[in-house]
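Worksheet for the structure shown next.
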Amino acid sequence: MSDDGLLTEFTATIEFDTYEDIRAALFDPNLSRSFDKRSYEEGNIRSGIVSIAHGAVHRARRRVENTQFRADVLRLYERDLFPRVMNELLDVLIDRERVDLFPIGEMLSVVLAARRAGIEYDAASLDDLRTLVRHVDAFSQGSAILDAKDPDAVRALVRATYAEFERDFVRPAWATRAALIERARRGELSEEELPHDILTILLLHRDDPQMALEDDARIVREVATYLQGGTHTSAQTLVNALDLVFETGDEYPRTIDRIVSDTLFAQRVVQETLRLRPTTPKMKRRAEADTEVAGRKIPKDAVVVLDVVAANRDQRLFGADPERFDPDRTIDGSVQRWGLSFGGGPHQCPGRAVGGGFPVPADFSAEDDHVFGLVALELQAVARRGVRPDETAAPERDLRTARFTRWLHYPVRFTSLPGARPVEDDLRRALG
Amino acid sequence: MSAAQVTVDPDLCIGSAECVRILPSGFQIDESRGVSVPQPAVSAAVLELLADVVRSCPTGAVRVVDAQGNAL
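Same order as they appear, the protein sequences are chains A and B. The first sequence lines up with residues 1 to 432 when you count with my numbering. The second sequence lines up with residues 1001 to 1072 when you count with my numbering.
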């Protein structure tokens, strides 16, 4: 370890690449995500956030924050709020035949991610949504700092973005929520009447010392974490799903037709995409103490690399042709169709069902209370609008990171366009 | 029917509610503590679903012992 708390030199580098071994590593309590033990002021832009918290603080935060991901909340978002917002937004954003799909995916996802995070923005303003997407892009670079090509530039960008985000989006929402919580504590409101979002529950529980939220800036960073997590993976998965569909060449129109007519198939496309294109292809863990995983001894301060791409292509679990994009593949019910792309163990992605939905039953049937996931609905919506590849423009990957599954631009064509409509009226009706 | 013994370690549980999703009659979240609590009906659940619960719990907090005394 370096003297200042940033772990840059390791006692060993140990890699796992099978499904079972990676799963065992993800469950090992001695392996953490804390590579940087410095404070925020000393340069750790992720200081204190749930994603890198460990042990009791992590458990306390997750117990509180997981309340925002209950099945009834997911159904409310998926069946009521999101279809309305999504279709109104798509009518506005797909305003010409050729468009860039990636920012559209970000705009769709950031609307509900902002609502869940608990920040306030002008519901009638595309500018506000675009600003939030810009912030998410900065926070996404911060969340991938272990794979950043220029970490110092990322740190500077993220610090500046936190300040802007706090001033413009968090503080106004904070003031509103603090006043409501005060009224609830005086008995003028029930807790049920308070907003249901991450910022509100953090403010409600910040006096619990186990939450380690005495510093206001930690709350800002936690809210930013949920905004980023709820936006970035969904937007990238939407684009990756279409990229995989288009890669099937002559087959793709038939696949698009199936997506249009069958939501459970659309969900399988999304989960197959997550398997083949995990947002974090190689997860990393740091040994907080000497430990042993799958018979291999791991010394304290070793870095453990988990090759999720390899594990997700294990022939024993995913069939003889695991490299192929096949949303209809048969997979044993004990394995998730997305493999290990949402991680596992205590740090498993809390929003996995938001984007990817509930596990698809092995017999491809869905109960009435099934959750399909927002990305499946987004995919179906763009398919219904006649999405096609744009042969005149090349997609552009995000080369600021070593993570190969990330895009910056993805040009597509649409064969079905809505008539010209007043943007502000549409958004006000959809979001207001 | 399993007649299984089912426990949730409240120190490990983080309230992900995977158990509630798989077996809604068998588990409930105690929202005051944010942890899962097994319900009386859980001991009658089929072992296949209980095995799914054990596998899906992200913290290994759920422990199931079948009628023969074997841990799932």
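Beta carbons are placed, not taken as given, at the ideal position from N, Cα and C, and that holds for glycine. This one's a predicted model, so the numbers in the text were calculated from it and none came from an experiment.
Item, Value
"Residues of the segment 338 to 350 of chain A with Cβ closer than 9 Å to any Cβ of chain B, in chain order", "Gly-343, Gly-344, Gly-345, Pro-346, His-347, Gln-348, Pro-350"
"From Leu-408/A, Asp-290/A, His-232/A, Leu-306/A, residue whose alpha carbon lies closest to that of Met-283/A", "Leu-306/A"
"Chain A within 8 Å of Thr-1007/B, Cβ atoms only", "no"
"Rounded Cβ spacing between Arg-352/A and Glu-272/A (contact assumed at less than 8 Å)", "In fact, because the Cβ distance is near 15 Å, the residues do not count as touching under 8 Å."
"Where Gly-1069/B falls, given that 16 or more other Cβ within 10 Å makes a residue buried", "exposed"
"Exposed unless 16 or more other CB atoms sit within 10 angstroms - verdict on Thr-255/A", "buried"
"Segment contact flag, the segment 221 to 240 of chain A with the segment 354 to 369 of chain A, C-beta cutoff 8 Å, min 3 pairs", "yes"
"Ile-1022/B, DSSP secondary structure in three states", "helix"
"is_contact[Val-1053/B, chain A] using C-beta, thresh 8 Å", "no"
"Environment of Leu-108/A [buried if 16+ CB atoms lie within 10 Å]", "buried"
"Ser-1032/B, DSSP secondary structure in three states", "coil"
"CB of Glu-65/A within 8 Å of CB of Ile-219/A, strictly", "no"
"Reference Thr-263/A; option with closest CA among Pro-209/A, Ile-45/A, Thr-176/A, Leu-377/A", "Leu-377/A"
"Inter-residue CB distance, Leu-213/A and Arg-206/A (contact presumed, cutoff 8 Å)", "4 Å"
"Per-residue burial, Ala-56/A [other beta carbons within 10 Å of its own, 16 or more giving buried]", "exposed"
"Rounded separation between Val-412/A and Val-1042/B - CA only", "50 Å"
"Whole-angstrom distance between Ala-402/A and Val-111/A, CA atom to CA atom", "28 Å"
"Reduced DSSP secondary structure (H/G/I, E/B, other) of Phe-325/A", "coil"
"Interface residues of the segment 1034 to 1060 of chain B facing chain A [CB-CB below 7 Å]", "Gly-1034, Val-1035, Arg-1055, Pro-1058, Thr-1059, Gly-1060"
"Distance between Val-1065/B and Gly-1026/B (C-alpha atoms, nearest Å)", "15 Å"
"Under the three-state DSSP convention, the category His-409/A falls into", "strand"
"For Ile-94/A and Arg-414/A, believed in contact at Cβ under 8 Å, the rounded distance", "Correcting the residue type first, residue 414/A is Phe in the shown sequence and not Arg. Right, the Cβ-Cβ distance comes to about 5 Å (below 8 Å), so this counts as a contact."
"Burial state of Val-1044/B (16 or more Cβ within 10 Å)", "The displayed chain sequence assigns Ala, not Val, to residue 1044/B. Exposed."
"Proximity winner among Arg-1033/B, Gln-1028/B, Ser-1016/B, Glu-1048/B, relative to Ala-1003/B (alpha-carbon distances)", "Glu-1048/B"
"Below-8 Å beta-carbon distance, Ala-362/A vs any chain B residue", "no"
"Inter-residue Cα distance where the pair is Val-304/A and Asp-1011/B", "26 Å"
"Closer than 8 Å to chain B by CB, Val-170/A", "no"
"Interface positions of the segment 1008 to 1025 of chain B facing chain A (Cβ-Cβ less than 7 Å), listed along the chain", "Ile-1014, Gly-1015, Ser-1016, Ala-1017, Arg-1021"
"Leu-340/A in three-state terms, based on DSSP", "coil"
"Buried/exposed call for Thr-280/A, threshold 16 Cβ in 10 Å", "buried"
"Where Ile-22/A sits in the DSSP three-state scheme", "helix"
"The segment 5 to 12 of chain A / the segment 37 to 47 of chain A touching (three or more Cβ pairs under 8 Å)", "yes"
"From Glu-164/A, Gly-142/A, Glu-166/A, residue whose alpha carbon lies closest to that of Arg-155/A", "Gly-142/A"
"Cβ shell of Ile-1029/B (< 8 Å), same chain only, five flanking positions each side left out", "Gly-1015, Ala-1017, Val-1020, Val-1035, Ser-1036, Val-1037"
"Simplified DSSP assignment, three categories, for Ile-119/A", "coil"
"Closer than 8 Å to chain B by CB, Arg-70/A", "yes"
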